[in-house]
Amino acid sequence: MKKVIFFAAVLFLSAAGICSAEETLLLDDFEVTVSGGAEGTVDFGAGNGSAIKVIGATDVKNSGKQSLKVDYDAVAGGYMFIARGSGLDAKNAAWPVKPSDIKWEEYSAISFYLYGSDSKKMIAFDIKDNGAEIWRFLVEDNFKGWKKVVCSFDKFMVRDDWQPQDADNNLNLDFPIKIFQFEPLPESKGTLYFDTVELIKK
Ligand SMILES: [Ca+2]
Ligand SMILES: [Ca+2]
Numbered sequence: 000m001k002k003v004i005f006f007a008a009v010l011f012l013s014a015a016g017i018c019s020a021e022e023t024l025l026l027d028d029f030e031v032t033v034s035g036g037a038e039g040t041v042d043f044g045a046g047n048g049s050a051i052k053v054i055g056a057t058d059v060k061n062s063g064k065q066s067l068k069v070d071y072d073a074v075a076g077g078y079m080f081i082a083r084g085s086g087l088d089a090k091n092a093a094w095p096v097k098p099s100d101i102k103w104e105e106y107s108a109i110s111f112y113l114y115g116s117d118s119k120k121m122i123a124f125d126i127k128d129n130g131a132e133i134w135r136f137l138v139e140d141n142f143k144g145w146k147k148v149v150c151s152f153d154k155f156m157v158r159d160d161w162q163p164q165d166a167d168n169n170l171n172l173d174f175p176i177k178i179f180q181f182e183p184l185p186e187s188k189g190t191l192y193f194d195t196v197e198l199i200k201k
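Residues in the sequence shown are numbered consecutively from 0, following numbering that gives the first Met the number 0.
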């Protein structure tokens, strides 16, 4: 009997160890009434022939009550964006947690859940740093259903195709990060869901 209890205790402790091995901070769960435009809760749009529709989906979600559902048509030469964070054109698109309240030095990665469609197309995940410089992490949609995509800060590449006019362009990822955005890249068309954006402790 003692042996059984011992093994049970070992199992419990190792399970607890696995759980605490990855500490996370929930940055955004998309638990908002999704709207676009100047008063929007999500800053999204498309141009040069590409089109996008963004809504909250309660039927397909990873955490909370809903995810972000993105119907998109990304054509050659077109662009699109689905962004949340501080300082966006959409006034109500800030994360539930303030960027300046986060101890960024304690985290090594940002992650999100993607509900893939196995389209074999690429999706860009961009972050905007404290100097307005945009950094990019690329993900291939090569699976079906939910998957956690972990983007280590040291794996982001500075965007060389476009930067905002006020970007510091110092090739340094300056914290706090203020904004993240998704962009399904051309040419592709379909439906994706995003949920549960987190920071992962070192
Ligand atoms: Ca959610
Ligand atoms: Ca910078």
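All residues carry an ideal CB built from backbone N, CA and C; glycine is no exception.
These numbers come from a predicted model, not from an experiment.
Legend entry - Residue nearest to K147 in terms of C-alpha spacing, selected from E186, W94, K52, D194: Checking every option, the nearest Cα to that of K147 belongs to D194.
Legend entry - Cβ pair P98, P163 closer than 8 Å: Against a cut-off of 8 Å, the Cβ pair of P163 and P98 comes out as no contact.
Inset, instruction - Confirm the yes/no value for this check: CB of S62, any heavy atom of ligand 1, distance under 7 Å. - result: A distance criterion of 7 Å places the beta-carbon of S62 in contact range of ligand 1, judged by its closest non-hydrogen atom.
Legend entry - Selection from A75, W103, A89, R135 that minimises the alpha carbon distance to G39: Ranked by how close their Cα comes to the Cα of G39, the residues A75, W103, A89, R135 have A89 in first place.
Inset, instruction - Would you kindly report the start and end of the unbroken beta strand (DSSP E) that includes T190? - result: For T190, the uninterrupted beta strand (DSSP E) run begins and ends at 187 to 200, by DSSP.
Inset, instruction - Report buried or exposed for A45, applying the criterion of at least 16 other Cβ atoms within 10 angstroms of its Cβ. - result: By the neighbour-count criterion, in which 16 or more other beta carbons inside 10 Å mark a residue as buried, A45 falls on the buried side.
Legend entry - Selection from K127, F142, N129, A131 that minimises the alpha carbon distance to M121: Cα-wise, what sits closest to M121 is F142.
Legend entry - Classification of G84 by the beta-carbon crowding that lies within 10 angstroms, buried from 16 upward: The residue is buried, with at least 16 neighbouring Cβ atoms inside 10 Å.
Inset, instruction - Would you identify the three-state DSSP class for W134, choosing helix, strand or coil? - result: The answer is strand: DSSP assigns W134 an E or B state.
Inset, instruction - Would you kindly check if the distance between the Cβ of A82 and the Cβ of F155 is under 8 Å? - result: Going by C-beta atoms, F155 is not nearer than 8 Å to A82.
Legend entry - Range of the contiguous beta strand (DSSP E) that encloses K68: K68 -> beta strand (DSSP E) spans 66 to 73.
Inset, instruction - Could you tell me whether the Cβ atoms of V185 and G115 are closer together than 8 Å? - result: The question names Val, but residue 185 in the sequence shown is Pro. Note that the C-beta distance between P185 and G115 is not below 8 Å.
Legend entry - Nearest residue (CA-CA) to G36, options D167, T57, A75, F80: Nearest option by C-alpha distance: F80.
Inset, instruction - Please find out if some non-hydrogen atom of ligand 2 comes closer than 7 Å to the beta-carbon of G39. - result: Checking the Cβ of G39 against ligand 2 gives no.
Inset, instruction - Could you tell me if the beta carbon of D58 falls within a distance shorter than 7 Å of some heavy atom in ligand 1? - result: No heavy atom of ligand 1 is found nearer than 7 Å to the CB of D58.
Inset, instruction - Verify whether the separation of the beta carbon atoms of S110 and V59 is less than 8 Å. - result: Using a Cβ distance threshold of 8 Å, S110 and V59 do not count as a contacting pair.
Inset, instruction - Kindly indicate the opening and closing residues of the beta strand (DSSP E) around A56. - result: Run containing A56: 50 to 56, per the beta strand (DSSP E) assignment.
Legend entry - Within 8 Å, strictly: CB atoms of D100 and G130: With contacts defined as CB atoms closer than 8 Å, D100 and G130 fail to qualify as a contacting pair.
Legend entry - Terminal residues of the beta strand (DSSP E) in which S116 lies: Note, S116: beta strand (DSSP E), 106 to 116.
Legend entry - Cβ-based neighbour list, K64, same chain, cut-off 8 Å, excluding 5 preceding and 5 following: Cβ neighbours of K64 beyond the five flanking positions: E30, T57.
Inset, instruction - Could you check what DSSP says for W145 in three-state terms: helix, strand or coil? - result: If DSSP states are grouped into helix, strand and coil, W145 belongs with the strands.
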